[in-house]
Structure formats: C-alpha cells, structure tokens
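**Student:**
Numbering (my numbering), first residue to last: 414 to 729.
Here you go:
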C-alpha cells in the first residue's frame with residue numbers, strides 16, 4: 414500500500430497548471446449550472462443580463478446577483494479550498510487561516526483600512542477623470558452599470574443581498590485565492606515578498622474588470638497582501654477586505670435614503686477634511702501595525718517547513 418501524494422510533492426510549475434485547470438473546470442461547471450438553474454429559479458435568461466443597469470427589473474437584478482454568487486464560488490472559493498486540501502496535509506495552515514500574532518492587530522487593521530479607503534477613493538476619482546478618451550468607455554460603462562444595478566437597494570433585504578454577494582463572499586473567496594494561494598506560489602518561486610505582493614495584486618486588479626479602478630484596486634490588493642504578511646493571518650486580510658467593500662455598500666444604502674450623503678457620493682469628490690483625516694488615520698494606524706508586526710517567516714511559502722521531506726511514494 415502507498416501513502417497518498419500531496420500536490421506539494423509536485424514541481425511548482427505543475428502545481429500552477431493544476432490550479433489553473435481546477436479554476437477553469439469549476440468555472441465551466443458552475444457556469445453550466447447557472448445557465449440551467451437561473452432561468453428556472455428566477456424566470457430570467459442569462460442573455461437578458463447583458464444589458465443590466467440600475468433601471469432593470471428587480472428580478473433581473475436578483476438573477477444577476479445569483480449568477481455572481483454561483484460564478485464567484487466556482488472561480489475562487491471551491492478551487493481555493495480544494496487546491497489547499499489536495500496540496501497540503503494542513504489546508505487551513507496552507508491558506509494562512511491562523512490567528513494573528515498579537516490581539517492588538519484586530520483593532521489596528523480596521524483602522525488601517527478605514528484610512529486607506531479614503532486614499533483608494535481619491536485615487537479612483539483621479540483615474541476616472543484620466544480614463545476619458547482612452548478607449549475603455551464601453552468596458553467601463555458595462556462595469557459601472559452592473560455595479561449600479563447591484564447597489565440599487567431600496568429595502569433591508571436588498572442591503573443583505575448586496576452585502577452577501579459584494580462584500581462577504583468576495584472577502585473570503587478573493588483573499589483565499591489571491592493572498593492565500595497565488596501570493597504563496599509566487600513567493601515560492603521568487604523568494605521575495607514584495608514581488609509576490611505586487612504580482613498577485615496586479616492579477617487581483619485585472620480580474621476586477623474595472624479600467625478606471627485598476628490602480629486603486631491594485632493598491633488595495635497590495636495593502637491586503639501587506640496586512641497578511643505583517644500579521645501572518647489571512648483572517649485579518651479577510652476582515653479588511655470585508656470592511657472596505659461592506660462599508661461602502663452600507664454608505665450607499667444610507668445615501669439612497671439621505672439626499673445630503675447621496676449628493677456627496679454622487680459627486681465623486683471627497684471633502685478635503687475627509688481626505689486629510691483619512692490619510693492621517695492611515696499613517697498613524699499603519700505605523701502602529703508595523704511596530705506590532707508579527708510577519709510571516711522567511712520560509713513561509715515552503716510547503717515542507719518544519720517537516721522532513723518524504724519520498725513521493727512511501728511503501729508501508
């Protein structure tokens with residue numbers, strides 16, 4: 414009899430190929446399920462979702478949210494969980510799902526992301542102005558129409574659906590696949606944390622399919638990668654991601670019922686005192702996080718760290 418071989422025994426290139434094949438297979442499978450299930454559940458065909466916008470009927474928006482839920486699970490969540498299970502005998506440890514090194518980090522990380530959110534919004538506003546005339550109008554308009562449709566929240570139930578699909582699910586799924594797996598694989602090849610954070614953040618930004626938000630999303634990904642590295646815990650990256658997405662959704666929901674807030678948010682311009690406060694909060698809180706850092710060890714991407722490497726097939 415032979416022991417099962419974990420994928421960590423395979424060369425890095427083969428591991429990467431297996432991950433891509435897994436993502437492709439799950440994406441194809443879940444999209445096929447969506448094509449069959451969504452019309453039966455909602456009465457809406459997938460073709461009708463191509464022209465999604467904030468004025469679309471509620472059942473069309475709900476169908477699009479369901480499609481987002483299904484595809485996100487297939488593209489990110491299940492591949493991350495299965496790949497970590499097949500690769501390592503301790504899959505949660507492989508993904509970085511461990512408690513932070515210091516309890517104070519639970520407080521500092523939310524403060525860091527609250528300050529950073531203002532910076533991200535400021536960067537996004539600048540690049541939205543710059544994107545005009547660069548040939549990305551159709552892509553940007555399609556993305557913006559989808560987001561506006563998802564955020565057309567008129568009831569608490571709409572808020573819960575938006576938070577579930579646009580905040581909770583992405584925070585878990587995307588952190589697992591981009592920081593938990595992709596950043597780890599890149600570090601295993603390069604042995605440089607900065608390169609691992611930068612490349613995984615670039616892929617993270619491109620996948621979001623938002624030309625105007627590309628730089629802001631890249632910066633957000635880099636910060637999330639930095640939080641994971643400085644705390645050694647993917648849970649804090651998930652928390653930061655959740656706060657970043659969730660708070661914006663809640664503010665938009667409140668703005669839908671508060672004209673003053675809606676005017677500020679629709680203007681896409683942050684008041685100067687808000688920008689100054691956000692930058693100050695980010696600098697101070699990130700400095701404190703740096704001082705209390707419990708970083709990942711130098712060999713954190715070594716799948717055999719602390720273990721004795723076994724032969725590929727061990728007879729027992």
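Cβ atoms here follow ideal geometry from the backbone N, Cα and C, with glycine treated the same way.
In this text the structure is predicted, and so the values were computed from the model without any measurement.
Verify whether the separation of the beta carbon atoms of residue 537 and residue 634 is less than 8 Å.
**Tutor:** Translated into the one-based positions of the chain shown, residue 537 becomes position 124. Translated into the one-based positions of the chain shown, residue 634 becomes position 221. The answer is no: Cβ separation not under 8 Å.
**Student:** Touching or not, the segment 605-617 and the segment 646-658, by the rule of three or more beta carbon pairs under 8 Å?
**Tutor:** No, the segment 605-617 is not in contact with the segment 646-658.
**Student:** Span of the alpha helix (DSSP H) holding residue 704?
**Tutor:** Taking the chain shown and counting its residues from 1, one reaches residue 704 at position 291. Residue 704 -> alpha helix (DSSP H) spans 685-704.
**Student:** Which runs of the alpha helix (DSSP H) fall wholly inside the segment 493-576 and span at least 4 residues, in chain order?
**Tutor:** Entirely contained in the segment 493-576, the alpha helix (DSSP H) runs reaching 4 residues are, in chain order, 504-508, 518-543, 550-563, 569-576.
**Student:** Take residue 480 and list the residues in its own chain whose beta-carbon comes closer than 8 Å to its own, dropping the five residues that flank it on each side.
**Tutor:** As a position in the chain shown, residue 480 is number 67, starting the count at 1. Taken in chain order, the residues that qualify are 447, 451, 459, 462.
**Student:** So, using beta-carbon positions, are residue 714 and residue 597 closer together than 8 Å?
**Tutor:** Against the chain shown, residue 714 aligns to sequence position 301. Against the chain shown, residue 597 aligns to sequence position 184. A contact, by the Cβ cut-off of 8 Å.
**Student:** For the structure I just gave you, are there three or more beta carbon pairs, one from the segment 683-697 and one from the segment 505-513, closer than 8 Å?
**Tutor:** Verdict: no, contact absent.
**Student:** So, using beta-carbon positions, are residue 642 and residue 709 closer together than 8 Å?
**Tutor:** For the purposes of this step, residue 642 is taken as residue 229 along the chain shown, with counting starting at 1. For the purposes of this step, residue 709 is taken as residue 296 along the chain shown, with counting starting at 1. Yes, Cβ-Cβ distance for residue 642 and residue 709 is below 8 Å.
**Student:** Find the nearest neighbour of residue 665 within the set 630, 592, 561, judged by alpha-carbon distance.
**Tutor:** Taking the first residue of the chain shown as position 1, residue 665 is located at position 252. Among 630, 592, 561, the Cα nearest to that of residue 665 belongs to 561.
**Student:** In three-state terms, what does DSSP make of residue 478?
**Tutor:** On the chain shown, residue 478 is found 65 positions in, with the first residue counted as 1. Residue 478: helix per DSSP, three-state reduction.
**Student:** With DSSP run on the structure shown, which of helix, strand or coil describes residue 452?
**Tutor:** Position 39 of the chain shown, counted from the first residue, corresponds to residue 452. Three-state DSSP puts residue 452 in a helix.
**Student:** Please go through the same chain and pick out, in chain order, the residues whose beta-carbon is closer than 7 Å to the beta-carbon of residue 425, but skip the five residues on each side of it.
**Tutor:** Numbered from its first residue, the chain shown carries residue 425 at position 12. So the qualifying residues of the chain are 598, 601, 602.
**Student:** Only counting the same chain, and skipping five residues up and downstream in sequence, which positions put a Cβ closer than 6 Å to that of residue 497?
**Tutor:** Numbered from 1 along the chain shown, position 84 holds the residue referred to as residue 497. Same-chain partners within the cutoff: 504, 507, 508.
**Student:** Give the DSSP-derived three-state secondary structure of residue 713 in the structure shown.
**Tutor:** For the purposes of this step, residue 713 is taken as the residue at position 300 of the chain shown. It is coil, neither helix nor strand.
**Student:** By the three-class DSSP mapping on this structure, what secondary structure does residue 583 have?
**Tutor:** Translated into positions along the chain shown, residue 583 becomes position 170. Reduced to three states, the DSSP call for residue 583 is helix.
**Student:** Determine the closest residue to residue 741 out of 568, 551, 594, with distance taken between C-alpha atoms.
**Tutor:** As displayed, the chain neither begins before 414 nor continues past 729, which places residue 741 out of reach and without an answer.
**Student:** Once DSSP output is grouped into helix, strand and coil, what is the label at residue 606?
**Tutor:** The residue you call residue 606 lines up with position 193 of the chain shown. Of the three classes helix, strand and coil, the one that applies to residue 606 here is helix, per DSSP.
**Student:** Residues in the same chain with beta-carbon distance under 8 Å from residue 474, minus the five sequence neighbours each way, listed in chain order, please.
**Tutor:** In the chain shown, counting from the first residue as 1, residue 474 sits at position 61. 465, 562, 563, 565, listed in sequence order.
**Student:** Expressed to the nearest angstrom, what Euclidean distance is found between the alpha-carbon atoms of residue 614 and residue 489?
**Tutor:** Here the question's residue 614 lines up with position 201 in the chain shown. Here the question's residue 489 lines up with position 76 in the chain shown. Between residue 614 and residue 489, the C-alpha separation is close to 15 Å.
**Student:** Using three-state DSSP, classify residue 418 as helix, strand or coil.
**Tutor:** Start at 1 with the first residue of the chain shown, and residue 418 comes out as number 5. Reduced to three states, the DSSP call for residue 418 is coil.
**Student:** Can you tell me the Cβ-Cβ gap for residue 470 and residue 590, rounded? I've got them flagged as a contact below 8 Å.
**Tutor:** In the chain shown, counting from the first residue as 1, residue 470 sits at position 57. In the chain shown, counting from the first residue as 1, residue 590 sits at position 177. Contact doesn't hold; Cβ gap of about 33 Å is too wide.
**Student:** Can residue 579 and residue 630 be called in contact, C-beta distance under 8 Å?
**Tutor:** Numbered from 1 along the chain shown, position 166 holds the residue referred to as residue 579. Numbered from 1 along the chain shown, position 217 holds the residue referred to as residue 630. No. Outside cutoff.
**Student:** Since residue 513 and residue 645 should fall inside the 8 Å C-beta cutoff, what is the C-beta to C-beta distance between them, to a whole number of angstroms?
**Tutor:** Stepping through the chain shown from its first residue, residue 513 is reached at position 100. Stepping through the chain shown from its first residue, residue 645 is reached at position 232. Going by Cβ atoms, the distance from residue 513 to residue 645 rounds to 7 Å, so yes, they are a contact pair.
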